[in-house]
Amino acid sequence: MHQGYSPKVYTGGTVVAMSIGLTLLGLLETGPRHGYDLKRAYDEHFGQDRPLHYGQVYSTLSRLLRDGLVEVDGVEAGEGPERKRYAITASGVTDVRDWLVTPERPEPYLHSTLYTKVVLALMSGRSAAEVLDVQRGAHLETMRTLTRRKLTGDLADQLICDHALFHLEADLRWLELTAARLDQLSAEVRR
Amino acid sequence: MSGPLLEAMDLYKSFGPTPALDGAGMSLWPGEVVAVMGPSGSGKSTLLHCLAGILRPDSGTVSYNGTELSALSDVARSELRRTEFGFVFQFGQLVPELTSLENVALPLRLGGMRRREAEQAATEWLERLEVADVAGKRPGETSGGQGQRVAVARALVTRPKVVFADEPTGALDSLNGERVMRLLVAAAKDTTAAVVLVTHEARVAAYSDREVVVRDGKSTQVELIP
Ligand SMILES: Nc1ncnc2c1ncn2[C@@H]1O[C@H](COP(=O)(O)OP(=O)(O)OP(=O)(O)O)[C@@H](O)[C@H]1O
Ligand SMILES: [Mg+2]
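For the protein sequence lines, the chains are A and B, in the order given. The working numbering puts the first sequence at residues 339 to 529. The working numbering puts the second sequence at residues 622 to 847.
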């Protein structure tokens, strides 16, 4: 096992909490669904690493209901939220459309723990090359796991793994470049 | 056999005042895929050439199956390369005058196989590498990605024990590079060939089982945990 912090895995398919509501809305655009049906559709397409909890689904749906983005399309006999079928409203459709054409903020990636570690290693006379090497090993190991998953997975798996692989590759290129500039950085840090 | 298939120790090689290899070494076990990584000019290709018996190191040893390559005659060494090793380079390795089929059949023909048999085997390998459709085309008439897959077919047609691949995807875009890697690694695993994969691309190296890093002619290998 490699030491050091584990590489952040960029799972492109995992929808962050903020956009779960919009994702559920998007799924509802294809037709009204029950909560459990929504959860299943979500997990199948986007939940590879992190399936939704039922609680999350129902709390999100009640928020969407409150905001007028979905409406109850039908209620079966019995009690509880799982009896309800939800449909998207016109303002829900507008929200989905607006969201899809609003670009995601490109990550500036300006805060790097690794940069901090490298500088601290140089300041304290430790081996910065080792910091970089250990990280390279951990990154590559994660990339191998993702590559294996990609080779046995379907197209969705391939696309999600590739997204993660390209980001990890970018980190690795930075590691290589920094390794090549350690002497220079060392001189500046000790000045 | 219990030791490594191929083992290089303490290799030194200079072409000028600064050494290209400065104490490098690595081992290769049967059937494993090892990525050789490192910056440009660090000595990766030189290490590969020494391992394959193409270059003779100034000092240090390379053993294949326990036999030191330097103990072999030139003839025996080329015979070893022809029968036990396969090669894939970045480009320019196919004979331009021959069709893909003839290129893949060539190593078998050089080994004395009859044309019909050789072309039969070559056809199977072209199919396996998903390039059966360019069997009748010459290298100038195929795309870079197709050409590399033909080259992989040619490297594997003799069922080598070791495939040496030096930046096999270096001239390809991501999609074609991935396709070459997927097919190369699958074919190597199927035939239990070991692979020495020189690359500076991490996504390509991620197809390996482990990596050796070369810097300034020195190597560090991630040890195999048996
Ligand atoms: N035939 C040769 N004649 C003279 N110098 C050479 C020869 N082959 C390699 N070198 C030198 O040896 C060093 C290592 O070269 P090598 O080709 O092994 O690097 P590399 O790691 O494969 O680089 P790249 O990633 O750019 O292919 C370099 O400084 C190179 O200029
Ligand atoms: Mg090279």
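Built from N, CA and C at the ideal position, the CB exists for glycine as well. Fair warning: this is a prediction, and the values are worked out from it, not measured in the lab.
Proximity test, Cβ basis, 8 Å: residue i and chain A
i	result
I846(B)	With a pLDDT of 49 at I846(B), under the threshold of 50, the modelled position of this residue cannot be trusted; read the value that follows with caution. Chain A contact via Cβ: absent.
E832(B)	yes
P660(B)	yes
A629(B)	no
A823(B)	yes
V843(B)	yes
R770(B)	no
R803(B)	yes
A641(B)	no
A826(B)	yes
Secondary structure of residue i, DSSP reduced to three states
i	result
R737(B)	helix
I358(A)	helix
I675(B)	coil
T639(B)	coil
A656(B)	strand
A645(B)	strand
H372(A)	strand
L470(A)	helix
Q386(A)	coil
F712(B)	coil
D830(B)	coil
T516(A)	helix
E700(B)	helix
K839(B)	strand
I846(B)	Note that I846(B) has pLDDT 49, beneath the 50 cutoff, so the model's placement of it is unreliable and no number is given.
E718(B)	coil
E409(A)	strand
R404(A)	helix
R423(A)	strand
L750(B)	coil
G342(A)	Note that G342(A) scores a pLDDT of 42, beneath 50, so its modelled location is shaky; the value from the coordinates is reported in the next line. Three-state DSSP puts G342(A) in coil, outside helix and strand.
A815(B)	strand
G350(A)	The pLDDT assigned to G350(A) is 46, lower than 50, so where the model puts this residue is not dependable; a value taken from the coordinates is nonetheless given after this. Three-state DSSP puts G350(A) in coil, outside helix and strand.
Y453(A)	helix
P651(B)	coil
Opposing strand residues paired with residue i [DSSP bridges]
i	result
S684(B)	E628(B), E689(B)
Y633(B)	D643(B), S680(B)
L458(A)	Beta-bridge pairing links L458(A) to no other residue.
G707(B)	V784(B)
Any non-hydrogen atom of ligand 1 within 7 Å of residue i CB
i	result
V683(B)	no
A425(A)	no
S661(B)	yes
V835(B)	yes
A641(B)	yes
G798(B)	no
G637(B)	yes
H821(B)	yes
Near ligand 2: residue i beta-carbon under 7 Å from a heavy atom
i	result
K665(B)	yes
D509(A)	no
V657(B)	no
D787(B)	yes
V527(A)	no
Any C-beta of chain B under 8 Å from that of residue i
i	result
A459(A)	no
G364(A)	no
E468(A)	no
R482(A)	yes
T451(A)	no
E382(A)	no
T490(A)	no
T516(A)	no
L520(A)	no
L497(A)	no
L493(A)	no
L510(A)	yes
L478(A)	yes
L523(A)	no
P507(A)	Looking at the sequence provided, one finds Glu at residue 507(A) rather than Pro. Yes, E507(A) lies at the interface with chain B (some Cβ there is under 8 Å from its Cβ).
Amino acids of chain C, ordered along the chain, whose beta-carbon sits closer than 8 Å to that of residue i
i	result
A809(B)	Of the protein chains in the structure, A and B, none is chain C.
- [ ] Please specify which runs of the beta strand (DSSP E), each continuous and at least 3 residues long, are wholly inside the region 765-808 of chain B, giving them in chain order.
- [x] 783-787
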